[in-house]
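Numbering (mature numbering (1 follows the signal peptide of the UniProt record, and there is no 0)), first residue to last: -38 to -1, 1 to 406.
Note that the Cβ used here is the ideal one computed from N, Cα and C, for glycine as well.
As the structure is a computational prediction, the values presented were derived from the model and not from experiment.
Below is one structure, written out as structure tokens, with a few remarks after it.
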Amino acid sequence: TLDPRSRLGSIGNKRETMLVSTLLLVSLCLSSVGRSHAQSIGDEIGRVGASFFQTNSDLEASGLTTVPDGSHLVGVSDNGKIFFLNLATDTGHCVFDFTTVLQGAVSDKWNLEGVAIDPTTWSSSAKSAYVVHEGSSSDEPYLHYITYKYDPTDPNSCVDTPVEVVASYNLYGSIPCLGGSNGIESLALKSPSTGTDKAVFFVGLQDTGTVYEITSDGQSNPGATCYDGGLFVDGISGSFYDDTTGYLWSVYDNQNGMAVVDVARDCSLSSYATRSTQEEGLAIDFASNRMYIASDEGSNECPSFVAIHEWDFALSSTDCCGDGVCGGSETCNSCPTDCAGITGGKPSRRYCCEGPSNSCNGAGCNPDRCTGAGLPKVVCSFDACGDGGGGNNGGGGCPLDCSSCSGSCSSCSGSDKTTCQACEPDVCIWVPKKGGSCNPAQSC
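This is the structure:
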């Protein structure tokens, strides 16, 4: 019903009826969940393959990517299917059962959660992709390098779409923050391969919200660390990287939210509300101002879909949330890791710090809440937290956030070194920090 590379055009009565029926079904399937966000992503202008997903209602869309020539999308389903969506017309979409080509030790490694393409090894005549099997702490995640022969211009392409596995790589020992998680939920290209270097990919861990970097041969990217995906919560489910800005965009399937991270500075820049639920895959065409989001409703009544959003991707702020400085347009609501605040409980105790002047709003404000000695009372921030190192960041306590605290800060504790405690006894603020996630079960 829609050419994604053009505005909505005229459609026949039959397709118009189908579109109305689809939109009615969508309105029944969607629900509002997750936390609120100050901004929203661009408007939805259509969907790719609505009738295709109705026919293939068993698909559980869980990963999505664009291809270098912009002709189609490649998606994966966590029931072992790979699908191809034609972007020129709403016909010629295909699905392939990936389980039929897996053999031997990887015969059961088909719970696909992400897909990415290395443009160096992809061409219109020799197509290839990387897909990732979720895995967990008890089931090794795998990276599969595949070739495929889908051609959106060939009417017989769905019959002649063989997918072959070229290589499979066990990722279990390559991701230090994998332990204790439920495995990988997203895959995104960071940098293409060259004559000397392997391609580098981001992998996201859903139940911790952390991101790591691996190479195309299944190894840890040298110098990589585990860092937060941008919302400081779990639920990361799809990512896409803009190599021109160095920003990683990620959707969260349980938050109705999207985050933007500055990878070089390892900090969150902005968050947005999404317009659907169960967002599992994300693909962006920055040149065309188009964003594609795959949602996994996963039932006959509410099949998966791929929504098209039009947006200019301009960030309202590039303040670095997570650097320990309450600055710019940051507030206790937009960046609780940098700006102190109590937003619940008794109104008389509520307050919210705001940058860059460190002003304080709320009945609970006092002269020191957001300035001077009071500002460090945000969260104990251990740079070493989550990296396997111990102690209190080299014996210095919390030099960034707690140097002026009258009380003492607890050091990272526990076997995973990921627990951080707030300085002030009556201000409990639990947030995940770089490379780890804090333990909300503790109390003051």
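Buried versus exposed, by CB contacts within 10 Å (16 or more), VAL128: The residue you call residue 128 lines up with position 166 of the sequence shown. By the neighbour-count rule (16 or more Cβ atoms within 10 Å), VAL128 is not buried but exposed.
Nonlocal neighbours in the same chain, by C-beta distance under 7 Å from ALA304, ignoring five residues either side: For the purposes of this step, residue 304 is taken as the residue at position 342 of the sequence shown. Checking the sequence, you will find Ile at residue 304 rather than Ala. Within the same chain, ILE304 has close Cβ partners ARG311, ARG312, TYR313, GLY326, VAL389.
Cβ shell of GLN168 (< 7 Å), same chain only, five flanking positions each side left out: Locating residue 168 in the sequence shown gives position 206, where the first residue counts as 1. These residues qualify, in order along the chain: ASN144, GLU147, ASP196, GLY197, ILE198, SER199.
Validate contact between the region 209 to 227 and the region 129 to 140 using beta carbons, cut 8 Å, 3 pairs: no
Inter-residue spacing [alpha-carbon to alpha-carbon] between GLN16 and VAL121: As a working note, residue 16 is residue 54 in the sequence shown. As a working note, residue 121 is residue 159 in the sequence shown. GLN16 and VAL121: Cα-Cα distance of roughly 19 Å.
Euclidean distance between Cα positions of ILE7 and ILE255: Reading the sequence shown from its first residue, position 45 is the one you call residue 7. Reading the sequence shown from its first residue, position 293 is the one you call residue 255. Straight-line Cα distance between these residues: approximately 12 Å.
Identified DSSP bridge partners for CYS283: Locating residue 283 in the sequence shown gives position 321, where the first residue counts as 1. DSSP, once it has assigned bridges, lists SER230 as partnering CYS283.
Environment of GLN240 [buried if 16+ CB atoms lie within 10 Å]: Position 278 of the sequence shown, counted from the first residue, corresponds to residue 240. Label assigned to GLN240: buried.
Stretch-stretch touch, CB-based, cutoff 8 Å, three pairs: the region 85 to 93 with the region 108 to 115: yes
Own chain residues within Cβ distance below 8 Å of SER278, not counting five before or after: As a first step, residue 278 is located in the sequence shown; it is residue number 316 there, counting from the start. If we look at SER278 and ignore the five residues flanking it on each side, its Cβ neighbours are GLN1, SER232, SER291.
Three-state secondary structure assigned by DSSP to SER321: Indexing the sequence shown from 1 puts residue 321 at position 359. Strand at SER321.
ALA150 and PHE202 closer than 8 Å at C-beta: For this step, residue 150 is matched to residue 188 along the sequence shown. For this step, residue 202 is matched to residue 240 along the sequence shown. Yes, the Cβ-Cβ distance between ALA150 and PHE202 is below 8 Å.
Counted within 10 angstroms of its Cβ, other Cβ atoms place GLY135 as buried (16 or more) or exposed: Taking the sequence shown and counting its residues from 1, the one referred to as residue 135 is at position 173. Result: exposed.
Residue range of the unbroken alpha helix (DSSP H) whose run includes SER2: As a position in the sequence shown, residue 2 is number 40, starting the count at 1. In the DSSP assignment, SER2 falls outside any alpha helix (DSSP H) and carries neither an H nor an E.
Residue from THR62, TRP84, ASP70, ASN48 with nearest C-alpha to ASP116: Taking the first residue of the sequence shown as position 1, residue 116 is located at position 154. Minimum Cα distance to ASP116 is reached at ASN48.
Residues bridged to residue 409 [DSSP beta-bridge criterion]: Nothing can be reported for residue 409: it is not among the residues displayed for the chain, which extend from -38 to 406.
Close beta carbons around LEU(-11), own chain, < 6 Å, minus the five adjacent residues each side: Residue -11 sits at position 28 when you count from the first residue of the sequence shown. Below a pLDDT of 50, predicted positions are generally treated as unreliable, and LEU(-11), at 39, falls in that range; the measurement from the model is reported next regardless. Excluding positions up to five away in sequence, the list is empty.
Neighbour-count burial assignment, ARG227, 16 or more Cβ in a 10 Å radius: The residue given as residue 227 occupies position 265 in the sequence shown. By the 10 Å Cβ count, ARG227 comes out exposed.
First and last residue of the uninterrupted beta strand (DSSP E) at THR27: As a working note, residue 27 is residue 65 in the sequence shown. Looking at the DSSP string, the run of the beta strand (DSSP E) that includes THR27 is 23 to 28.
Distance between ASP52 and PHE46 (C-alpha atoms, nearest Å): For this step, residue 46 is matched to residue 84 along the sequence shown. For this step, residue 52 is matched to residue 90 along the sequence shown. Cα to Cα, PHE46 sits roughly 12 Å from ASP52.
6 Å Cβ shell around residue 437 - same chain, five flanking residues per side excluded: The chain is shown from -38 up to 406; residue 437 falls before or after that span and cannot be answered.
Check whether CYS288 and ASP224 have beta carbons under 8 Å apart: Counted from its first residue, the sequence shown places residue 288 at position 326. Counted from its first residue, the sequence shown places residue 224 at position 262. It is not a contact, given that the beta carbons lie outside the stated cut-off.
Chain-order list of residues whose beta-carbon lies under 6 Å from that of THR27 (same chain, five-residue window excluded): Locating residue 27 in the sequence shown gives position 65, where the first residue counts as 1. Closer than 6 Å at Cβ, skipping near neighbours: VAL36, VAL77, ALA78, ILE79, ALA245.
Boundaries of the alpha helix (DSSP H) in which THR17 is found, first to last residue: By 1-based counting over the sequence shown, the position of residue 17 is 55. THR17 -> alpha helix (DSSP H) spans 12 to 17.
Three-state secondary structure (DSSP) of residue 443: Here the chain covers residues -38 to 406 and nothing more, so residue 443 does not appear.
Closest by C-alpha distance to SER69, when choosing among GLU75, SER130, SER33: The residue labelled residue 69 in the question sits at position 107 within the sequence shown. With distances taken between Cα atoms, SER69 lies closest to SER130.
GLY219 - containing beta strand (DSSP E), residue span: As a first step, residue 219 is located in the sequence shown; it is residue number 257 there, counting from the start. From DSSP, the beta strand (DSSP E) with GLY219 extends over 219 to 224.
Classification of PRO309 by the beta-carbon crowding that lies within 10 angstroms, buried from 16 upward: Along the sequence shown, read from residue 1 onward, the residue named residue 309 stands at position 347. Exposed: under 16 other Cβ atoms inside 10 Å.
Opposing strand residues paired with ILE270 [DSSP bridges]: Position 308 of the sequence shown, counted from the first residue, corresponds to residue 270. The partner list for ILE270 (beta bridge, DSSP) reads GLY8, TYR254.
Three-state secondary structure (DSSP) of LEU277: Here residue 277 is taken as the residue at index 315 of the sequence shown, counted from 1. Looking at LEU277 - three-state DSSP - the assignment turns out to be coil, as it is neither helix nor strand.
Cβ-Cβ distance between ASN183 and VAL162 below 8 Å: If you number the sequence shown from 1, residue 183 lands on position 221. If you number the sequence shown from 1, residue 162 lands on position 200. In this structure, VAL162 lies closer than 8 Å to ASN183 by Cβ.
Helix, strand or coil at CYS139 [DSSP, three-state]: In the sequence shown, the residue the question calls residue 139 occupies position 177. DSSP, reduced to helix, strand and coil, places CYS139 within a helical segment of the structure shown.
Terminal residues of the beta strand (DSSP E) in which ALA150 lies: Working through the sequence shown from its first residue, we reach residue 150 at position 188. Element bounds for ALA150: 146 to 153.
Cβ distance (whole Å) where SER178 is taken to contact LYS152 below 8 Å: Residue numbering aside, residue 178 sits at position 216 when the sequence shown is read from its first letter. Residue numbering aside, residue 152 sits at position 190 when the sequence shown is read from its first letter. That belief does not hold up - the Cβ atoms of SER178 and LYS152 are roughly 11 Å apart, past 8 Å.
Start-to-end residues for the beta strand (DSSP E) that takes in ALA78: Working through the sequence shown from its first residue, we reach residue 78 at position 116. Element bounds for ALA78: 74 to 78.
Cα-Cα separation, SER155 to THR187: Here residue 155 refers to the residue found at position 193 when the sequence shown is read from its first residue. Here residue 187 refers to the residue found at position 225 when the sequence shown is read from its first residue. Spanning the two alpha carbons is a distance of roughly 20 Å.
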